[in-house]
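**Q**
Protein chains in written order, with my numbering: chain A, 108 to 648; chain B, 108 to 648.
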C-alpha cells in the first residue's frame with residue numbers, strides 16, 4: 108500500500124543506523140572516560156582504558172585474519188578479558204562463542220568444531236581440559252592464553268599471551284557497526300540435557316534490545332555497580348555486559364562464587380546490582396554474620412530458574428538484598444519476563460509475597476509477546492491460574508535460530524512463536540507461573556502432575572538436600588510420580604514411607620510419589636539434573 | 108559476505124517484531140490495568156480504561172474509512188484525548204498530525220491541505236480559528252469536536268462529538284502493529300520562521316527508540332508521575348506520551364501554563380517529572396510562596412532551548428526541582444542530546460554549575476552520532492571549546508524526512524548526517540554547546556560573534572525584558588551587532604549608550620552592539636522571535 112508517507116522518505120545514512128550494543132561502549136568511553144569500568148582484584152580500569160583494550164583486541168584479531176562471520180570462542184571466568192570479548196569480537200562483525208567453563212573436553216571439542224571457531228581465548232585454569240579438547244580436532248583454532256593474576260596457577264598452552272596479543276593491536280582501531288543489525292553477535296550452546304547441544308545464535312538487534320530491556324524492568328539508573336555473580340558465558344551474562352556498559356556502570360569481576368568474598372565486594376565497592384541462580388542467594392545465607400552485616404546499603408538481586416522459598420527471601424531481604432524474579436532461556440538472550448512487583452504487595456505476609464514472587468511474571472517491554480497455550484494447537488489457555496499450557500515467546504529478543512540446524516529452528520518457531528518447552532499456568536492478573544518442563548510433566552489417571560510441585564514438597568523435608576521427580580510407567584494410572592532424593596550428609600536414615608507421609612501434608616493424594624529412591628542425582632556440566640537418566644532408571648525399577 | 112551465521116537464520120514471526128511505541132500501552136494495560144493512567148481535573152482513568160478508549164478511537168476511525176498512511180490531525184491542548192490520539196491513530200497505521208494550538212487559520216489550512224488530513228479532532232477552544240481554516244479548504248476533513256469539561260466554553264463546529272464517536276468503536280478492537288517499523292507514525296510541522304512550514308515525518312522505529320532513550324538518560328524508573336507542562340503537539344511531546352506509558356506512569360494533564368496550578372498539581376499528585384521550555388521554570392519562580400512551599404518531594408524537570416541562568420537554577424533547585432538540560436529539534440523527535448550530569452560537579456559554585464549545565468551535552472544512548480563540524484566540508488572541528496561549527500546528528504531518531512519535499516530532505520541529510528543549522532563549540536570533554544543558529548551568526552571583521560552571547564549580556568541588564576541581536580551590514584566590518592531590546596514595563600527610560608556600556612563589562616569590544624533599537628519583538632505563533640524580520644529592519648536603519 109503506497110501513501111504520501113512512503114515516497115522520498117527512504118532510509119539513509121543520516122536517519123538509519125543498525126541497532127547494536129557495541130555502540131554503548133563508544134558513548135560511555137566518550138562521555139565518562141575517567142569513570143570506573145572494571146574492578147578485578149587489584150586491577151582498576153576506567154572506561155577510556157577499557158574501550159582502548161577492546162579496540163586493541165578487535166585490531167589484533169583482525170591482524171590474525173578474523174573477519175565478519177568468523178567465530179571467536181572464549182573459555183573464561185568472569186574476568187575483564189571476558190567483558191572485553193563482548194565488545195572487541197563483535198566490533199569486527201565476528202561472533203563470540205562463550206563456552207561454559209564447566210564443560211568437559213569432549214563437549215568443548217564438539218562446540219569448537221561445530222561453531223568453526225577460528226580463535227579460542229582461554230584462561231589458564233582451563234588449560235588442561237582445553238588442551239585435551241584441542242587434541243581431538245583436525246583444525247584447531249588459534250589459541251590465546253589468559254594469565255589472570257587473580258588465579259596465578261596453571262601454565263600456558265599457547266605461545267600467544269592475551270596481554271601481548273593486545274599490544275599487537277591499535278588502541279584507536281577504526282571499527283564499524285555491522286551493516287545489518289540482523290548479523291550474528293554471539294553463539295551460545297544449550298546445555299543439552301539430551302543429545303548434542305544446540306548452537307543458539309544471537310544478533311545485534313536482539314542483544315541491543317535485551318540490554319535496554321534489562322534496564323527498563325529493573326530501573327537501574329546511571330552508574331550501577333554490578334557484581335558478576337552470574338557467569339558471563341551464560342546467555343552472554345543475560346546481556347548485562349552490554350546493559351551495565353550502556354549506563355556507564357562498574358563491572359566488579361569475580362572468578363567464582365564465594366559467599367564471603369561476594370559480601371566483602373558488596374561492602375567494599377558499594378555494589379548495587381547482581382544476578383544469579385537462586386543457589387547464589389542461598390549460599391550468602393551461610394556466610395559469617397560479620398560478612399552479612401558488613402554493608403548497610405540496598406542491593407538489587409535478579410534471579411531466575413526457581414524463585415527462592417519464603418524463608419530464603421525473608422533472610423535475604425533482612426540482609427538488605429531485594430530480589431527480582433525473572434525468566435528466560437538460552438534461546439531468548441537470558442531473561443525476557445519479569446515478576447513485575449507491585450507496591451500493594453509489600454505489606455503481605457512473607458509467605459504470600461514469596462508465592463507471588465515465585466511467578467515468572469509478565470513480558471519485558473522489549474519482548475513482543477508472551478502466551479501460555481496448548482503445545483499442539485497453540486490455542487491460549489484460560490487465565491485461570493489452573494490450566495497448564497506451554498509458554499510461548501515472540502519478539503526481537505528471540506534467537507536468530509539454531510546454527511546449522513534449520514529443522515530444529517523451524518520446530519522451535521512453529522506457528523510464529525518460540526516454543527519454550529516450559530509448562531505453566533496463566534493467572535487472572537496475566538502473570539505466568541511455571542509448573543514443569545514439557546517433557547517432565549507426569550500424566551497420572553488423566554491428571555497433570557507438576558514435578559516441580561512434588562519436588563517443592565520434598566524440599567521442605569528438613570533432611571532432604573536435593574530431590575528430582577520423574578514419571579514411572581504404571582499399568583493402572585499410565586504414570587505415577589517417582590522421587591529421587593539425596594539426603595543431607597550426616598542425617599539419620601529416612602524411610603520411603605516417611606517421605607511419602609511428609610508430602611501428604613502438602614500434596615493431593617494423586618500427586619504423592621509412589622516410589623522414593625535415595626541416591627545422588629546425575630547432572631550436566633552446568634549443574635542441571637539429567638531427568639532423562641532418571642526416567643530410564645524409573646522405567647527399570 | 109556469506110557465513111554459517113547467515114544460512115537458515117532468517118527473520119520469522121517468532122523472532123522479529125516491528126519496533127513501535129504503540130505496543131507499550133498493550134503491555135501496561137495488561138500488567139497494570141488498575142494503575143492510574145490519566146488525571147485531568149476531576150477525571151481519573153486507569154490503564155484498562157485508557158487502553159479501551161484508545162482502541163475505541165482506532166475502531167471508530169476505521170469505521171470512518173481511516174486506513175494505513177492516512178492522516179489524522181489534532182488541534183488539542185494537553186488533555187486525555189490528545190494522549191489517546193498518540194495510540195489510537197497509529198494503531199491503524201494512520202499518521203497523527205498534532206497541530207500547534209497557537210496557529211492562525213491560514214497556517215492551519217496550509218497544514219491540513221499539505222498533510223492531506225482525512226480527519227481533524229479539535230477542542231472547542233480552537234473551534235473558531237479552525238472553522239476559519241476549514242472555510243479555505245476545497246476538501247475539508249471530517250471534524251470531530253472535543254468538549255472538555257475543564258474548558259466548558261465554546262461551541263461545537265461539527266455534528267460529531269468525540270465521546271459519541273468513541274462509543275461507535277469497540278473497546279476490544281483488534282489492532283495491529285505496522286508491518287514495517289519504518290512506517291510513518293506522525294507528522295509535525297516546523298514553526299517556519301521563514302517561508303512555509305515543513306512537514307517532518309516520524310516513524311515507529313524512531314518513536315520507540317526516543318521513548319526508551321528518554322527513560323535511559325533520565326533514569327525515570329517505574330511509575331513516574333508526569334505533569335504535562337510541555338505541549339504534546341510539540342514533537343509529540345518529545346515522545347513522552349510513549350515513554351510515560353511504557354513505564355506505567357501517570358499522565359497529569361494541563362490545558363495551559365499556570366504557575367499556581369502547576370505547583371498545586373505537583374503537590375497534590377506527587378509529580379515526579381515534567382518538561383518544558385525554560386520560560387515554564389521561570390514562571391514558577393513568580394508563584395506565591397505558599398504554592399512554592401506546598402511540596403517536599405524532589406521533582407525532575409527537563410528543559411531545552413536555552414538553559415536557565417544561574418540565578419534561576421538556584422531558585423528552582425531551592426524549590427526541590429532538579430533541572431536536566433537537553434537539546435533537540437522537530438527533525439529529531441525532540442531531545443537527542445543531554446547535558447549528562449556528573450556528581451563531581453555537585454559541589455561547584457552555582458555560577459559554574461549553571462555554565463556547565465548550559466551546555467547541550469552528549470548524545471542519547473539511542474542516537475548513533477553527534478558531531479560539530481564545518482557546515483560545508485563537514486570536517487569535525489577540534490574539541491577546543493572555541494572553534495564554532497554546525498551540529499550534525501545521525502541515527503534512528505532522525506526523522507524519516509520532510510513530507511513531499513525530497514529536495515529539502517536531501518539537503519538536510521547531505522553527507523549522511525542531519526544538518527541541524529545550529530552552531531556550537533565542542534568542548535574537550537565531548538560536550539557540545541550552542542553558540543548560535545547558522546543563519547543568525549554575525550561575522551564582523553572576519554570574527555564570529557554569537558548573537559546568543561550578546562543577548563545573554565543584554566538580558567543581565569535589570570531593565571531589559573527581551574532582547575534579540577542580528578547582523579547589520581557595515582561597510583568597514585562587513586557586519587556589526589544590532590540589538591533590538593524591549594524594556595520591562597514601567598522602568599525609566601534607558602539610553603542606547605547605557606546599554607552598550609553595560610555590555611562592555613561582559614563582552615569583548617568587537618562583540619559590543621553598535622546599534623540599539625528599543626521596540627517590541629516580532630514573533631511566530633509558537634513564540635519564536637522572527638530574526639529575519641529584524642534583519643530586514645537592521646538593513647534599513
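Just so you know, even glycine gets a beta-carbon here, dropped at the ideal spot from N, CA and C.
Hey, would you say the C-beta of residue 127/A is under 7 Å away from at least one heavy atom of the ligand PLP?
**A** Judged by which ligands are present, the structure shown has none, so any question about the ligand PLP falls away.
**Q** If you compare alpha carbons, which of 522/B, 109/B, 382/B is closest to residue 176/A?
**A** Taking the first chain and counting its residues from 1, the one referred to as residue 176/A is at position 69. Of the candidates 522/B, 109/B, 382/B, the one whose C-alpha sits nearest the C-alpha of residue 176/A is 109/B.
**Q** Let's see if you can read the secondary structure: which residues bound the beta strand (DSSP E) around residue 530/A?
**A** Taking the first residue of the first chain as position 1, residue 530/A is located at position 423. Counting along the chain, the beta strand (DSSP E) containing residue 530/A begins and ends at 525 to 533.
**Q** Examine the Cβ distances between the stretch 110 to 122 of chain B and the stretch 309 to 320 of chain B and report whether three or more of them are shorter than 8 Å.
**A** No, the stretch 110 to 122 of chain B does not touch the stretch 309 to 320 of chain B.
**Q** Alpha carbon to alpha carbon, how far is residue 619/A from residue 296/A? Give it in angstroms, no decimals.
**A** Working through the first chain from its first residue, we reach residue 296/A at position 189. Working through the first chain from its first residue, we reach residue 619/A at position 512. Their Cα atoms are separated by approximately 36 Å.
**Q** So, residue 193/A versus residue 349/A, is the Cβ gap smaller than 8 Å?
**A** On the first chain, position 86 is the one that residue 193/A refers to. On the first chain, position 242 is the one that residue 349/A refers to. Yes, the Cβ-Cβ distance between residue 193/A and residue 349/A is below 8 Å.
**Q** Restricting to Cα atoms, I'd like to know which of 420/A, 321/A, 455/A, 393/A is closest to residue 474/A.
**A** On the first chain, position 367 is the one that residue 474/A refers to. The shortest C-alpha separation from residue 474/A is found at 321/A.
**Q** Just to confirm, is the Cβ distance from residue 507/A to residue 111/B under 8 Å?
**A** The sequence position of residue 507/A within the first chain is 400, counting from 1. The sequence position of residue 111/B within the second chain is 4, counting from 1. Contact: no.
**Q** Is it right to say residue 170/A is buried, meaning 16 or more other beta carbons lie within 10 angstroms of its own, or is it exposed?
**A** As a position in the first chain, residue 170/A is number 63, starting the count at 1. Counting Cβ neighbours within 10 Å, residue 170/A comes out exposed, since fewer than 16 surround it.
**Q** Classify residue 237/B as helix, strand or coil using the three-state DSSP reduction.
**A** Your numbering for residue 237/B matches position 130 in the second chain. Note: residue 237/B maps to helix in three-state DSSP.
**Q** Mind checking if residue 237/A is an interface residue toward chain B, Cβ cutoff 8 Å exclusive?
**A** In the first chain, the residue the question calls residue 237/A occupies position 130. No, its Cβ sits nowhere closer than 8 Å to a Cβ of chain B.
**Q** Report yes if the C-beta distance between residue 645/B and residue 579/B is below 8 Å; otherwise report no.
**A** On the second chain, position 538 is the one that residue 645/B refers to. On the second chain, position 472 is the one that residue 579/B refers to. It is a contact, given that the beta carbons lie within the stated cut-off.
**Q** Verify the CB distance criterion: does residue 202/B have a CB-CB separation below 8 Å to chain A?
**A** Here residue 202/B refers to the residue found at position 95 of the second chain. Taking Cβ atoms only, chain A reaches closer than 8 Å to residue 202/B, which makes this a yes.
**Q** Starting from residue 124/A, find everything on chain B with Cβ-Cβ shorter than 8 Å and list it in chain order.
**A** Along the first chain, one-based indexing puts residue 124/A at 17. 475, 476, 501, 502, 503, listed in chain order.
**Q** Taking the alpha carbon of residue 263/B as the reference point, which residue from 254/B, 271/B, 270/B has its own alpha carbon closest?
**A** The residue given as residue 263/B occupies position 156 in the second chain. Closest option to residue 263/B, Cα to Cα, is 254/B.
**Q** According to DSSP, is residue 434/A part of a helix, a strand, or is it coil?
**A** The residue given as residue 434/A occupies position 327 in the first chain. Strand at residue 434/A.
**Q** So residue 291/A contacts chain B; which residues on that side make the cut at Cβ distance below 7 Å?
**A** Mapped onto the first chain, residue 291/A falls at position 184. Correct list: 112.
**Q** Taking buried to mean at least 16 other C-beta atoms within 10 Å of its own C-beta, is residue 223/B buried or exposed?
**A** As a first step, residue 223/B must be located in the second chain, where it is residue number 116. When all chains shown are included, residue 223/B counts as buried.
**Q** With 8 Å set as the bound, which would you pick, yes or no: does the beta-carbon of residue 307/B sit closer than that to a beta-carbon of chain A?
**A** On the second chain, residue 307/B is found 200 positions in, with the first residue counted as 1. No, residue 307/B does not count as interfacial toward chain A.
**Q** In the structure shown, what three-state DSSP assignment does residue 357/A receive?
**A** The residue given as residue 357/A occupies position 250 in the first chain. Strand, per DSSP.
**Q** Hey, does residue 510/A have any beta-carbon neighbour from chain B nearer than 8 Å?
**A** Locating residue 510/A in the first chain gives position 403, counting from the first residue. Yes, because at least one Cβ of chain B sits closer than 8 Å to the Cβ of residue 510/A.
**Q** Taking the alpha-carbon positions, what's the residue 515/B to residue 380/B distance?
**A** What you label residue 515/B is simply residue 408 of the second chain in a count that begins at 1. What you label residue 380/B is simply residue 273 of the second chain in a count that begins at 1. Near 36 Å, if we compare the C-alpha coordinates of residue 380/B and residue 515/B.
**Q** For residue 137/B, which residues in chain A fall below 8 Å Cβ to Cβ?
**A** Here residue 137/B corresponds to residue number 30 of the second chain, with the count starting at 1. Residues of chain A passing the Cβ test: 469, 537.
**Q** With a cut-off of 8 Å, do at least 3 Cβ pairs link the stretch 582 to 595 of chain A to the stretch 552 to 564 of chain A?
**A** Result yes; three or more Cβ-Cβ pairs closer than 8 Å.
**Q** Return the first residue and the last residue of the alpha helix (DSSP H) that residue 644/A is part of.
**A** Start at 1 with the first residue of the first chain, and residue 644/A comes out as number 537. 638 to 647 is the extent of the alpha helix (DSSP H) around residue 644/A.
**Q** Report the rounded CA-to-CA distance for residue 330/B versus residue 406/B, giving the unit in angstroms.
**A** Position 223 of the second chain, counted from the first residue, corresponds to residue 330/B. Position 299 of the second chain, counted from the first residue, corresponds to residue 406/B. Taking the straight line joining both Cα atoms gives about 14 Å.
**Q** Along chain A, in chain order, which residues have C-beta atoms closer than 9 Å to that of residue 116/B?
**A** Locating residue 116/B in the second chain gives position 9, counting from the first residue. Simply 289, 291, 308, 310, 506, 507, 508, 509, 510, 513, 516.
**Q** For residue 603/B, which residues in the same chain have their Cβ closer than 6 Å to its Cβ, ignoring the five residues on either side in sequence?
**A** Along the second chain, read from residue 1 onward, the residue named residue 603/B stands at position 496. 623, listed in sequence order.
**Q** Would you mind giving the Cβ-Cβ distance between residue 367/A and residue 395/A, rounded to the nearest angstrom? I have them listed as a contact below 8 Å.
**A** If you number the first chain from 1, residue 367/A lands on position 260. If you number the first chain from 1, residue 395/A lands on position 288. Indeed, because the Cβ distance is near 7 Å, the residues count as touching under 8 Å.
**Q** I think residue 725/B touches residue 199/B, with their Cβ atoms under 8 Å apart; what is that distance to the nearest whole Å?
**A** Summary: the structure shown does not reach residue 725/B, with chain B confined to residues 108 through 648, and so no result is reported for it.
**Q** Would residue 352/B count as contacting chain A if we go by Cβ distances under 8 Å?
**A** Working through the second chain from its first residue, we reach residue 352/B at position 245. No, residue 352/B lies away from the interface with chain A (no Cβ there is under 8 Å from its Cβ).
**Q** Helix, strand or coil for residue 409/A per DSSP?
**A** Reading the first chain from its first residue, position 302 is the one you call residue 409/A. Looking at residue 409/A - three-state DSSP - the assignment turns out to be strand.
**Q** Any C-beta of chain B within less than 9 Å: which residues of the stretch 558 to 591 of chain A qualify?
**A** Within the stretch 558 to 591 of chain A, no residue has a Cβ that lies closer than 9 Å to any Cβ of chain B.
**Q** Hey, quick one: how far does the alpha helix (DSSP H) through residue 320/A stretch, first residue to last?
**A** For the purposes of this step, residue 320/A is taken as the residue at position 213 of the first chain. From DSSP, the alpha helix (DSSP H) with residue 320/A extends over 311 to 325.
**Q** Taking the alpha-carbon positions, what's the residue 250/A to residue 257/A distance?
**A** As a first step, residue 250/A is located in the first chain; it is residue number 143 there, counting from the start. As a first step, residue 257/A is located in the first chain; it is residue number 150 there, counting from the start. Rounded to the nearest angstrom, the two C-alpha atoms are 21 Å apart.
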